[in-house]
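Before any comments, here is the structure.
Residue numbers (my numbering): 1 to 131.
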């Protein structure tokens with residue numbers, strides 16, 4: 001099975017939702033911001049959840065997508081760095097039990113730039129401004 005994962009790096013959920021309205025339909029969307037908001041709403045004090053807790057929910061969402069054999073996945077990235085991207089790719093390879101993965105990056109409304117060597121981890125990189 002050929003798996004395509006389009007990763008979106010943006011500053012806010014608002015930018016992500018704007019992007020989502022302008023794009024093709026994906027079989028599944030694994031959204032960091034939606035998961036973090038959901039967890040914050042279920043917390044009695046409304047505290048923002050720890051990244052590790054959100055990470056566990058992201059892995060579960062990827063497992064669910066793999067179980068349903070979704071081949072086109074949109075994934076939001078909060079922290080774009082080398083170790084995060086490698087971990088994401090490894091999780092997809094593990095849960096989908098395949099090495100046949102194309103991972104692309106879409107950068108939406110960002111003025112900063114990822115650290116050296118990060119962009120080379122992706123098959124393609126697309127920049128979208130003024131969304």
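Note that CB positions come from ideal geometry on N, CA and C, so glycine has one too.
Alpha-carbon spacing of residue i relative to residue j, whole angstroms
{"i": "residue 14", "j": "residue 98", "result": "33 Å"}
{"i": "residue 80", "j": "residue 44", "result": "30 Å"}
{"i": "residue 102", "j": "residue 119", "result": "14 Å"}
{"i": "residue 92", "j": "residue 29", "result": "14 Å"}
{"i": "residue 11", "j": "residue 23", "result": "18 Å"}
{"i": "residue 57", "j": "residue 2", "result": "24 Å"}
{"i": "residue 134", "j": "residue 87", "result": "Nothing about residue 134 can be read from this structure; the chain reaches only from 1 to 131."}
{"i": "residue 126", "j": "residue 4", "result": "15 Å"}
{"i": "residue 115", "j": "residue 68", "result": "34 Å"}
{"i": "residue 38", "j": "residue 47", "result": "11 Å"}
{"i": "residue 132", "j": "residue 53", "result": "It is not possible to answer for residue 132, since the shown part of the chain is limited to 1 through 131."}
Secondary structure of residue i, DSSP reduced to three states
{"i": "residue 94", "result": "helix"}
{"i": "residue 78", "result": "coil"}
{"i": "residue 22", "result": "coil"}
{"i": "residue 126", "result": "strand"}
{"i": "residue 51", "result": "helix"}
{"i": "residue 37", "result": "helix"}
{"i": "residue 30", "result": "strand"}
Check whether residue i and residue j have beta carbons under 9 Å apart
{"i": "residue 26", "j": "residue 73", "result": "yes"}
{"i": "residue 83", "j": "residue 104", "result": "no"}
{"i": "residue 33", "j": "residue 78", "result": "yes"}
Contact belief for residue i with residue j at Cβ below 8 Å, rounded distance in angstroms
{"i": "residue 76", "j": "residue 129", "result": "Not a contact, Cβ separation roughly 18 Å."}
{"i": "residue 95", "j": "residue 50", "result": "Incorrect: roughly 22 Å between the Cβ atoms, too far for contact."}
{"i": "residue 140", "j": "residue 108", "result": "It is not possible to answer for residue 140, since the shown part of the chain is limited to 1 through 131."}
Closest by C-alpha distance to residue i, when choosing among the options
{"i": "residue 35", "options": "62, 100, 6 and 18", "result": "62"}
{"i": "residue 90", "options": "46, 19, 121 and 21", "result": "121"}
{"i": "residue 100", "options": "117, 71, 111 and 110", "result": "71"}
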